[in-house]
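Chains as they are written, first to last, in the numbering used here: chain A, 1 to 296; chain B, 1 to 290.
Worksheet: the structure to be examined is printed underneath.
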Amino acid sequence: MSIVLDKPDTAGGERGPELSSLGLTMYRFSAWLKSPRPYLMLIGFAIVLGFWYLAVEVLQLPRFESMPGLTEVFREWFSKDPIYGLSIYTPEYYTHIGISLRRIAYAFLLATVLGVPLGLFLGWSKTFREFVFPLFEVLRPIPILAWVPLAIIMFSGSESPVIFLTFLASFFATTLNTMLGVESIDESYSRAASCLGASRWQVFKHVVIPGAMPYIFTGLQISIGVAWFSLVAGEMVSGQFGLGYLINTSYMMIEYPKIIIGMITLGIVGFATSAMVRAAGDYMMQWRVRELALVD
Amino acid sequence: MAGVAEQATAREQDASEIVVTSVFKSYGAGPFAKEVVRDCSFTIESNKLTVMIGPSGCGKSTLIQLIAGFELPDSGSITMNAAPITGPGKDRLVLFQESALFPWMTTYDNIMYGPRARGEDTKESADLAEFLLTKVGLEAFRDKYPTQLSGGMQRRAELARAMINKPEVMILDEPFRGLDHMSKELMWEYYAKLYEEDRNTNFFVTTDIDEAIFLADRLLIMTNLPTSTRAVIEIDIPRPRTIEAVADSSRANEIKKEVMTLLHEEAMKSFSGGSKAAADFLDAYSKRVD
Numbered sequence: 001m002s003i004v005l006d007k008p009d010t011a012g013g014e015r016g017p018e019l020s021s022l023g024l025t026m027y028r029f030s031a032w033l034k035s036p037r038p039y040l041m042l043i044g045f046a047i048v049l050g051f052w053y054l055a056v057e058v059l060q061l062p063r064f065e066s067m068p069g070l071t072e073v074f075r076e077w078f079s080k081d082p083i084y085g086l087s088i089y090t091p092e093y094y095t096h097i098g099i100s101l102r103r104i105a106y107a108f109l110l111a112t113v114l115g116v117p118l119g120l121f122l123g124w125s126k127t128f129r130e131f132v133f134p135l136f137e138v139l140r141p142i143p144i145l146a147w148v149p150l151a152i153i154m155f156s157g158s159e160s161p162v163i164f165l166t167f168l169a170s171f172f173a174t175t176l177n178t179m180l181g182v183e184s185i186d187e188s189y190s191r192a193a194s195c196l197g198a199s200r201w202q203v204f205k206h207v208v209i210p211g212a213m214p215y216i217f218t219g220l221q222i223s224i225g226v227a228w229f230s231l232v233a234g235e236m237v238s239g240q241f242g243l244g245y246l247i248n249t250s251y252m253m254i255e256y257p258k259i260i261i262g263m264i265t266l267g268i269v270g271f272a273t274s275a276m277v278r279a280a281g282d283y284m285m286q287w288r289v290r291e292l293a294l295v296d
Numbered sequence: 001m002a003g004v005a006e007q008a009t010a011r012e013q014d015a016s017e018i019v020v021t022s023v024f025k026s027y028g029a030g031p032f033a034k035e036v037v038r039d040c041s042f043t044i045e046s047n048k049l050t051v052m053i054g055p056s057g058c059g060k061s062t063l064i065q066l067i068a069g070f071e072l073p074d075s076g077s078i079t080m081n082a083a084p085i086t087g088p089g090k091d092r093l094v095l096f097q098e099s100a101l102f103p104w105m106t107t108y109d110n111i112m113y114g115p116r117a118r119g120e121d122t123k124e125s126a127d128l129a130e131f132l133l134t135k136v137g138l139e140a141f142r143d144k145y146p147t148q149l150s151g152g153m154q155r156r157a158e159l160a161r162a163m164i165n166k167p168e169v170m171i172l173d174e175p176f177r178g179l180d181h182m183s184k185e186l187m188w189e190y191y192a193k194l195y196e197e198d199r200n201t202n203f204f205v206t207t208d209i210d211e212a213i214f215l216a217d218r219l220l221i222m223t224n225l226p227t228s229t230r231a232v233i234e235i236d237i238p239r240p241r242t243i244e245a246v247a248d249s250s251r252a253n254e255i256k257k258e259v260m261t262l263l264h265e266e267a268m269k270s271f272s273g274g275s276k277a278a279a280d281f282l283d284a285y286s287k288r289v290d
């Protein structure tokens, strides 16, 4: 859970103006613990897990017959000697996670490095936008799955098609949000800057980039989400190893508990990566964190 | 005698007079064109505080864009010290309606933005920034971000950000709009004091009659759309001015009545949207109320 990043709901207590970031983090953490939020969260999890347990193992509802049960999955997941050969004690589990993470990292970084500048220029230069944006808008709605055959034809091996598919989805989300970010900047900021003697390039550096930053990071959050989405799609069709591959092969081999382990792992790892993106955003936009902290 | 002549020339050079001559400005093209400014002429005299007042939505902001150089007139001319205005420049600084402090910079960095952008990040600039911070009473908020400041503080920070560049002309577009009444009056007194200290050329746009009369040396009253100059009134209330003194001044009340009559007529035109029937109705209605 993003304990560190969440704002406390209980706004009581002293908040000195010069709190160090560690002090602030500790303060927020203890406020979070004192608030009802962590307990509500636990209740939420308990309800879903409880339903799963009841539906499969106790009531044995129709449609749930062949689904692996809660206890079966967790016993397998935390077993030192797993029946289907996959648990937190087997290195294979971490190979899958590691390989998926590596693909995400390549695709996400590439999408950010290319998408953010492209989005900035699209938002900034009207001429450039007229060239590129219509093309962009035609390519963007094509579902990632439709790119699969082309990706396999274009890229050799099993690794690069998956990375390419993951990259594509991320890239569109990042670029589009960055462009919207630039468009959202109030014109009075750039006018104020040019009034104060800033050149066009300085306006870009000092107004356009920081002004678009909140949207860029919203875009990156979406981007990392769709990256996981298309990664799994890619891994299911092509590629070896990875969590999507794990889920798909477990299905083929009728090793159902592994499907659930793969899914839960995807959820946790996906959440962790998006929390990292958010933390990076908060770190780079101190002004915004403070702005929001004032509101609560 | 020679001394006097010299002084006169020095004053002439120091003078920063803006002359607007028969300016026309429309937005949109062809059948959708909307004329915003029509045959508008006025002068912003040097070393005076000129206030422009007019019905809201009457194109005052357009005139500011033109004088600031963000846009060019369709026809007519705008000159500063006899040279035509072709683009924005640090000699004419604009304070916008909404705060345009950069939210991603601290108060100090905002104030230092002008000098830094022009590559003048010197000891002198830094000292001046510190001096201005104290002058606008924000030294304790030096390292705060704009959203951590109150509305009045933001306006003062913005004044400091403009003043550090020593502009020849300060252009203020309804700068105190949105402040509550008390902060507004405090800002009037504060701003009038700043102006009375150095008497630079100031051009102030507002829709608030009290504000206009309290601040102005010269008051330009604008017509409804398309905008032109309706009347110019010299406000001969002695300086330094205080809220109480102006409130008690019978001269101020006379001027206020005069301004209100003129503005009422213009506002009426805008309200009735040019319809003769609506105008007649409003006219009859206002007589009935009187």
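Positions of the beta carbon are idealized from the N, C-alpha and C atoms, including for glycine.
If you run the structure through DSSP and keep just helix, strand and coil, what is residue i?
i	result
B:Gly-76	strand
A:Lys-258	helix
B:Lys-34	strand
A:Arg-140	coil
A:Phe-121	helix
B:Arg-118	coil
B:Thr-201	strand
A:Tyr-94	helix
B:Gln-13	Note on B:Gln-13: pLDDT 46, under 50, position unreliable in the model; the coordinate value appears next. Looking at B:Gln-13 - three-state DSSP - the assignment turns out to be helix.
B:Ser-22	strand
B:Ser-125	helix
B:His-180	At residue 180 of chain B the sequence reads Asp, which differs from the His that was named. Correct three-state label for B:Asp-180: coil.
A:Gly-12	Residue placement at A:Gly-12 is flagged as unreliable, the pLDDT there being 37, under the threshold of 50; the coordinate-derived value follows with that caveat. Residue state, collapsed to three classes: coil.
A:Val-58	helix
B:Ser-41	strand
A:Met-67	coil
A:Tyr-283	helix
A:Pro-38	helix
A:Tyr-27	helix
B:Glu-234	strand
B:Val-136	coil
B:Leu-220	strand
A:Asp-186	coil
A:Met-276	helix
For residue i, is the classification buried or exposed, using 16 other Cβ atoms within 10 angstroms of its Cβ as the cut-off for buried?
i	result
A:Val-277	buried
A:Gly-242	buried
B:His-181	exposed
A:Gly-98	exposed
B:Ala-121	Contrary to the premise, residue 121 of chain B reads as Asp rather than Ala in this sequence. It is exposed - the Cβ of B:Asp-121 has fewer than 16 other Cβ atoms within 10 Å.
A:Thr-95	exposed
B:Asp-143	exposed
B:Glu-196	exposed
B:His-264	exposed
So residue i and residue j are in contact, right, with Cβ under 8 angstroms, and what is the actual spacing, rounded?
i	j	result
A:Thr-174	A:Gly-119	7 angstroms
A:Ser-35	A:Ala-111	Not confirmed; about 36 angstroms, so no contact.
A:Ala-151	A:Phe-164	5 angstroms
B:Val-169	B:Phe-203	6 angstroms
B:Ile-243	B:Ile-213	In fact, because the Cβ distance is near 11 angstroms, the residues do not count as touching under 8 angstroms.
A:Gly-234	A:Thr-166	6 angstroms
A:Val-56	A:Leu-70	7 angstroms
B:Tyr-145	B:Thr-106	6 angstroms
So which of the options has the shortest CA-CA distance to residue i?
i	options	result
A:Gln-202	B:Gly-114, B:Val-136, B:Asn-81, B:Leu-72	B:Gly-114
A:Gly-115	A:Trp-77, A:Gly-69, A:Leu-176, A:Leu-49	A:Leu-176
B:Pro-88	B:Phe-102, B:Ser-77, B:Leu-101, B:Leu-72	B:Leu-72
B:Val-136	B:Met-187, B:Leu-66, B:Ala-29, B:Phe-214	B:Met-187
A:Tyr-84	A:Gln-286, A:Leu-266, A:Tyr-256, A:Met-263	A:Tyr-256
B:Val-259	B:Ser-150, B:Glu-45, B:Gly-54	B:Gly-54
B:Tyr-190	B:Ala-160, B:Pro-238, B:Pro-31	B:Ala-160
A:Ala-227	A:Phe-121, A:Ser-184, A:Phe-64, A:Tyr-106	A:Tyr-106
A:Cys-195	B:Ser-46, B:Asp-217, B:Ala-117, B:Gln-97	B:Ala-117
A:Phe-78	A:Ile-261, A:Arg-63, A:Arg-37	A:Ile-261
B:Ala-157	B:Ile-171, B:Arg-199, B:Asn-165, B:Ile-111	B:Ile-111
B:Ile-18	B:Ile-237, B:Glu-98, B:Leu-215, B:Pro-84	B:Pro-84
B:Asp-91	B:Ile-221, B:Val-246, B:Ala-162	B:Ala-162
A:Glu-159	A:Val-207, A:Val-232, A:Pro-141	A:Val-232
Check your understanding: Going along the chain, which residues of the segment 190-220 of chain A sit with their C-beta nearer than 8 angstroms to a C-beta in chain B?
Key -> Answer in chain order: Arg-191, Ala-192, Ala-193, Ser-194, Cys-195, Leu-196, Gly-197, Ala-198, Ser-199, Gln-202, His-206, Val-207, Pro-210, Gly-211, Met-213.
Exercise for review: With 9 angstroms as the C-beta to C-beta threshold (strictly closer), list the residues of the segment 276-288 of chain A near chain B in chain order.
Suggested key: Taking 9 angstroms as the cut-off between beta carbons, the residues of the segment 276-288 of chain A near chain B are Met-285, Gln-286, Trp-287, Arg-288, in sequence order.
Point to revise | Interface residues of the segment 161-195 of chain A facing chain B [CB-CB below 8 angstroms] | key: The residues in question are Asp-186, Ser-188, Tyr-189, Arg-191, Ala-192, Ala-193, Ser-194, Cys-195.
**Study point:** Where the segment 72-102 of chain B meets chain A: residues whose CB sits under 7 angstroms from a CB there
**Key:** Using a CB distance below 7 angstroms, the part of the segment 72-102 of chain B facing chain A consists of Pro-88, Lys-90, Leu-93, Val-94, Phe-96, Glu-98, Ala-100, Phe-102, ordered along the chain.
Point to revise | Interfacial residues, the segment 151-171 of chain B to chain A, with Cβ spacing under 7 angstroms | key: Listed by position along the chain: Asn-165.
Review point. Mind listing which residues of the segment 101-126 of chain B have their C-beta closer than 7 angstroms to chain A's C-betas, in chain order?
Key: Listed by position along the chain: Phe-102, Pro-103, Trp-104, Tyr-113, Gly-114, Ala-117, Arg-118.
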